[in-house]
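Following: one structure in structure tokens, then a few remarks.
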Amino acid sequence: MGFGLLAGNFVCSKTLWFGRDAFGRRSLLVHWPTPDDSRLLLSSVSSCPSSHQSYDFDDEGMLDFNFWEELSCGVYSVSVGSPDMDEYLIGKVQKHEWTDSELKELITWERTAIQPKLEDSSASFGKVSISQNDRLSSLSSELGSLQITPLPMSQKVLIALRESVMRRTSLYKIFKAFPIDHRQERYAPVAVLFSGGLDSMIIAALLHQCIDPEYEIDLLNVSFDGESAPDRISARAGLKELQKNAPLRRWNLVEIDADLLKLTCETKRVMSLITPAKTYMDLNIGLALWLAAGGDGWLSEVMSSAEGGLCQRVKYKSEARILLVGSGADEQCAGYGRHRTKYRNGSWLGLHEEMKLDMQRIWKRNLGRDDRCIADNAKEARFPFLDEDVIRILLDIPLWEIADLNQPSGTGDKKILREVARLLGLNEAAILPKRAIQFGSRIARESNRQNFGSNRSANQASAGSAVIYRPSN
């Protein structure tokens, strides 16, 4: 954005204000003045090369991602002069501290209870084997007591998440901007980035509770290995569980099939969108998100009950403008493999510090990149797990109630969310292990083969953190 072309209230005050929300849910890139380029530039996305432009590579063949950087979260101001002045910006950019005390507490991400006492851990971990039926049947009596148990905590998280989804869907007027055409038989104003895993299943089930029953819900699933991709398998299983729990809702599992070898132009575009992120992992995640947000895929439709429920695939493009994404669930609920490693090496304090680090850098490592890739499809990503009230509730819960990493994957990681899933009747989803989109969609495998020759070579080269380079001719 060129400041000399701007007009508005800042002209009177001679101060330009800009900023990014406390968790970085929206993208904002900045180019700070340098000896080579004295401009201060702000943009939600880096400039995208046209077909006749090429990317800049350094002498070693590495892409040059250094022009832009993610603006760190906060509010900034800079004094401005007149557009005809030689120096339009006067003085240095100032960063202002947040004044809201509750928001500052969330940003520092301090938990009141990190390490359990012996009686806490024995009481908590002894309840892992309680059946869901027992939990539900005792819900009313437990809520009426003063005893703190995992069930009320799960219930608090469930309520906060439901309100978060409500804020991001039914309370907005976006539905009215896209009325159902009299010729259009179906309409889904909100979609879910959907793998069939724990986080996306919780979001889908809560979305069902939050929007009117006449609306359909699009579940966007991307695969780079057809029906064999793990995320495609779990998505189909998740669809059946959602249909079982909410049979009157029309659920659209939009199966988006991709072939990495045929996505040359799309890959170049996504490379620009992920900038200043620069690794193959960033590119793989960005491309999977970009394709999923496009919503151009297939639905499996039952031909007729008389034919034994046989299905046929029909083309479908999601027109939803809101896309709910599960970002923040793993960071806050110990969903990553490295969380288990930190717990083993550093116990509860080590786990807490790693989770805190993840939350305090999520704006830089994830959210800006994801927002740009999704917004390029005229969709707006919304993140229910990053609602301030959800973050606050999770921080108020003792860490050992959030996760029990002594238990195996699919049980102890994200324990609190597995309890939430059971309260929603998602018993199958509640036991699913964590699987990242780049692995579940199989794009990482295809990328490794294309860029490194094989998965083995990619692993030896630490492909996940490898910087994108110019392929040899």
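Here full-length UniProt numbering is used: the first residue of the sequence shown is 1, the next is one more, and so on.
All residues carry an ideal CB built from backbone N, CA and C; glycine is no exception.
Do Leu-395 and Arg-111 have their C-beta atoms closer together than 8 Å?
Looking up residue 395 in the sequence shown gives position 395. Looking up residue 111 in the sequence shown gives position 111. It is a contact, given that the beta carbons lie within the stated cut-off.
Is the distance from the Cβ of Val-45 to the Cβ of Leu-273 below 8 Å?
The residue given as residue 45 occupies position 45 in the sequence shown. The residue given as residue 273 occupies position 273 in the sequence shown. Going by C-beta atoms, Val-45 is nearer than 8 Å to Leu-273.
State the Cα-Cα distance for the pair Ala-329 and Gly-81, rounded to the nearest angstrom.
Indexing the sequence shown from 1 puts residue 329 at position 329. Indexing the sequence shown from 1 puts residue 81 at position 81. Cα to Cα, Ala-329 sits roughly 45 Å from Gly-81.
Express the C-alpha separation of Arg-25 and Gly-126 in angstroms, rounding to a whole number.
For the purposes of this step, residue 126 is taken as residue 126 along the sequence shown, with counting starting at 1. For the purposes of this step, residue 25 is taken as residue 25 along the sequence shown, with counting starting at 1. Any answer about Gly-126 is weak, because its pLDDT of 41 lies below 50 and its placement is not dependable; what the coordinates show is given next. Spanning the two alpha carbons is a distance of roughly 38 Å.
Measuring CB to CB, does Ser-441 end up less than 8 Å from Asp-231?
Within the sequence shown, numbered from 1, the residue matching residue 441 stands at position 441. Within the sequence shown, numbered from 1, the residue matching residue 231 stands at position 231. Yes, they are a contact pair.
Name the residue from Asp-218, Phe-383 and Val-93 whose alpha carbon lies nearest to the alpha carbon of Val-165.
The count along the sequence shown starts at 1 and reaches residue 165 at position 165. Comparing Cα-Cα distances from Val-165 to each of Asp-218, Phe-383 and Val-93, the minimum goes to Phe-383.
Which value, in whole angstroms, describes the spacing of the CA atoms of Ile-402 and Arg-456?
If you number the sequence shown from 1, residue 402 lands on position 402. If you number the sequence shown from 1, residue 456 lands on position 456. Straight-line Cα distance between these residues: approximately 35 Å.
Threshold first: 3 residues or longer. Then list the beta strand (DSSP E) segments lying entirely within the segment 326-393, N to C.
Counting only runs of 3 or more, we get 380-382.
Report the residue ranges of all alpha helix (DSSP H) runs contained in full by the segment 169-244; include only those spanning at least 4 residues, in chain order.
174-177 and 198-210, all fully within the segment 169-244.
To test your reading of the DSSP string, which unbroken beta strand (DSSP E) runs of 3 or more residues are found completely within the segment 279-317?
296-302 and 311-317, all fully within the segment 279-317.
Give me the Cα-Cα distance between Phe-194 and Glu-216, rounded to the nearest whole angstrom.
For the purposes of this step, residue 194 is taken as residue 194 along the sequence shown, with counting starting at 1. For the purposes of this step, residue 216 is taken as residue 216 along the sequence shown, with counting starting at 1. So the two alpha carbons sit approximately 15 Å from each other.
Taking all protein chains shown into account, decide if residue 532 is buried (16 or more other Cβ within 10 angstroms of its Cβ) or exposed.
No answer is possible for residue 532: the residues shown for the chain start at 1 and end at 473.
Considering only DSSP beta bridges, list what Val-254 is partnered with.
Here the question's residue 254 lines up with position 254 in the sequence shown. Paired residues: Leu-220.
For Ala-204, which residues from the same chain have a beta carbon less than 7 Å from its beta carbon, with the 5 sequence-adjacent residues on both sides left out?
Residue numbering aside, residue 204 sits at position 204 when the sequence shown is read from its first letter. These residues qualify, in order along the chain: Val-192, Phe-194, Ile-217, Leu-219 and Leu-242.
Using the Cβ count rule (16 or more neighbours within 10 Å means buried), how would you classify Asp-36?
Here residue 36 refers to the residue found at position 36 when the sequence shown is read from its first residue. So Asp-36 counts as exposed.
At the level of alpha carbons, what is the spacing between Arg-20 and Lys-342?
Looking up residue 20 in the sequence shown gives position 20. Looking up residue 342 in the sequence shown gives position 342. Roughly 30 Å between the two C-alpha positions.
Just the Cα atoms here: how many angstroms apart are Leu-423 and Gln-155?
Looking up residue 423 in the sequence shown gives position 423. Looking up residue 155 in the sequence shown gives position 155. Going from the Cα of Leu-423 to the Cα of Gln-155 covers about 8 Å.
Using three-state DSSP, classify Leu-41 as helix, strand or coil.
Working through the sequence shown from its first residue, we reach residue 41 at position 41. If DSSP states are grouped into helix, strand and coil, Leu-41 belongs with the strands.
Starting from the C-beta of Trp-32, find all residues in its chain whose C-beta is less than 7 Å away, skip the five residues before and the five after it, and write them out in chain order.
As a first step, residue 32 is located in the sequence shown; it is residue number 32 there, counting from the start. Excluding positions up to five away in sequence, the list reads Leu-40.
Alpha helix (DSSP H) containing Trp-400: first to last residue?
Taking the sequence shown and counting its residues from 1, one reaches residue 400 at position 400. Trp-400 -> alpha helix (DSSP H) spans 399-402.
Let me confirm a value: Asn-221 is counted as buried when at least 16 other C-beta atoms fall within 10 Å, else exposed. Which label applies?
If you number the sequence shown from 1, residue 221 lands on position 221. Burial call: buried.
Taking DSSP's pairing of strands, which residues face Phe-18 in a bridge?
Taking the first residue of the sequence shown as 1, we reach residue 18 at position 18. Partner(s): Tyr-76.
Helix, strand or coil, according to DSSP, for Leu-263 in the structure here?
Reading the sequence shown from its first residue, position 263 is the one you call residue 263. Three-state DSSP puts Leu-263 in coil, outside helix and strand.
Taking contact to mean at least 3 C-beta pairs separated by less than 8 Å, is the segment 417-431 in contact with the segment 441-450?
No contact exists between the segment 417-431 and the segment 441-450.
Report yes if the CB atom of Leu-118 is closer than 8 Å to the CB atom of Leu-161, and no otherwise.
Within the sequence shown, numbered from 1, the residue matching residue 118 stands at position 118. Within the sequence shown, numbered from 1, the residue matching residue 161 stands at position 161. It is not a contact, given that the beta carbons lie outside the stated cut-off.
Which of helix, strand or coil does DSSP assign to Glu-105?
Taking the first residue of the sequence shown as position 1, residue 105 is located at position 105. Helix at Glu-105.
Applying the criterion that 16 or more other CB atoms from any shown protein chain within 10 Å of the CB defines a buried residue, is residue 520 buried or exposed?
For residue 520 there is no data in the structure shown, the boundaries of the chain being 1 and 473.
Spatial neighbours of Phe-67 within its chain, please: C-beta separation below 7 Å, excluding the five flanking residues on both sides.
For the purposes of this step, residue 67 is identified with residue 67 of the sequence shown, where counting begins at 1. Taken in chain order, the residues that qualify are His-31.
For Ser-454, count neighbouring C-beta atoms within 10 Å of its own C-beta (all shown protein chains included) and say buried if the count is 16 or more, exposed if not.
Taking the first residue of the sequence shown as position 1, residue 454 is located at position 454. By the neighbour-count rule (16 or more Cβ atoms within 10 Å), Ser-454 is not buried but exposed.
With distances taken Cα to Cα, identify the nearest neighbour of Thr-169 among Glu-388, Leu-323 and Val-254.
For the purposes of this step, residue 169 is taken as the residue at position 169 of the sequence shown. Ranking Glu-388, Leu-323 and Val-254 by Cα distance to Thr-169 puts Leu-323 first.
Tell me which residues share the same chain as Leu-289 and place their Cβ nearer than 7 Å to its Cβ, disregarding the 5 neighbours each side in the sequence.
Working through the sequence shown from its first residue, we reach residue 289 at position 289. Result list for Leu-289: Asp-370, Cys-373 and Ile-374, in chain order.
Under a Cβ-count criterion, where at least 16 other Cβ atoms within 10 Å of its own Cβ denotes burial, should Val-467 be classed as buried or exposed?
Counting from 1 along the sequence shown, the entry for residue 467 is found at position 467. Its Cβ having fewer than 16 others within 10 Å, Val-467 is exposed.
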